[in-house]
Amino acid sequence: MITTSLTRLAAAAGGAALALSAAGVAAADPAQDPAVSTTCSYSQVVAAMNAQSPETAAQFNATPMAQTFLQDFLASPPPQREQMLQQAQGVPEAAQFVNLVGPIAKTCNKY
Numbered sequence: 009m010i011t012t013s014l015t016r017l018a019a020a021a022g023g024a025a026l027a028l029s030a031a032g033v034a035a036a037d038p039a040q041d042p043a044v045s046t047t048c049s050y051s052q053v054v055a056a057m058n059a060q061s062p063e064t065a066a067q068f069n070a071t072p073m074a075q076t077f078l079q080d081f082l083a084s085p086p087p088q089r090e091q092m093l094q095q096a097q098g099v100p101e102a103a104q105f106v107n108l109v110g111p112i113a114k115t116c117n118k119y
């Protein structure tokens, strides 16, 4: 059960990261989901998060696992991003973050 706990912890931390890049996890077409299709870099997402949601940014900056998850997420191709997002949605601890900050994926390219 250690693996399950670590997976849940990783997904929860990743959920925080995804919240910073996700704008509509319930999009009908995953290709239309800004989190899946974003072209923003890690530094752009973090800059947008710091500007738009300082409290969430503080949580994110204090969670190395979330930072790693976001880096991996942004480095992944869209189909893998979709899977990662779905996994994070299945973790209650991550859901609060996934739904927290929608506009960041739509505006991160300005940073």
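So for the sequence shown, our numbering puts the first residue at 9; every next one is plus one.
Ideal placement from N, C-alpha and C gives every residue a C-beta, glycine not left out.
Using DSSP with H/G/I as helix, E/B as strand and the rest coil, what is Asp80? Walking along the sequence shown from the start, residue 80 turns up at place 72. Asp80: helix per DSSP, three-state reduction.
Going along the chain, which residues of its own chain have a beta-carbon closer than 8 Å to the beta-carbon of Ala34, five neighbours each way excluded? Position 26 of the sequence shown, counting from 1, holds the residue named residue 34. In this prediction, Ala34 scores a pLDDT of 43, lower than 50, which makes its location untrustworthy; the coordinate-derived value is nonetheless stated afterwards. Excluding sequence neighbours, Ala34 sits near nothing in its chain.
Alpha carbon to alpha carbon, how far is Gln75 from Arg89? Taking the sequence shown and counting its residues from 1, the one referred to as residue 75 is at position 67. Taking the sequence shown and counting its residues from 1, the one referred to as residue 89 is at position 81. Straight through space, the alpha carbons of Arg89 and Gln75 are spaced by roughly 15 Å.
Tell me where the alpha helix (DSSP H) around Ser51 begins and ends. Along the sequence shown, read from residue 1 onward, the residue named residue 51 stands at position 43. Here the alpha helix (DSSP H) through Ser51 covers Tyr50 to Gln60.
Terminal residues of the continuous alpha helix (DSSP H) containing Ala70? The count along the sequence shown starts at 1 and reaches residue 70 at position 62. Note, Ala70: premise wrong, no alpha helix (DSSP H); not H, not E.
Which residue from Ala83, Met92 and Asp41 puts its Cα closest to that of Ser51? Looking up residue 51 in the sequence shown gives position 43. Taking only the C-alpha atoms, the option nearest Ser51 is Ala83.
First and last residue of the alpha helix (DSSP H) that includes Arg95? Working through the sequence shown from its first residue, we reach residue 95 at position 87. Checking the displayed sequence, the identity of residue 95 turns out to be Gln instead of Arg. Residues Pro86 to Gln97.
Assuming Pro100 and Val44 are in contact, meaning their beta carbons sit under 8 Å apart, how far apart are those beta carbons, in whole angstroms? In the sequence shown, counting from the first residue as 1, residue 100 sits at position 92. In the sequence shown, counting from the first residue as 1, residue 44 sits at position 36. Between Val44 and Pro100 the Cβ distance is about 22 Å, and since that is not below 8 Å, they are no contact.
State buried or exposed for Ala31, treating a residue as buried only when at least 16 other CB atoms are found within 10 Å of its CB. Taking the first residue of the sequence shown as position 1, residue 31 is located at position 23. Note on Ala31: pLDDT 42, under 50, position unreliable in the model; the coordinate value appears next. Burial call: buried.
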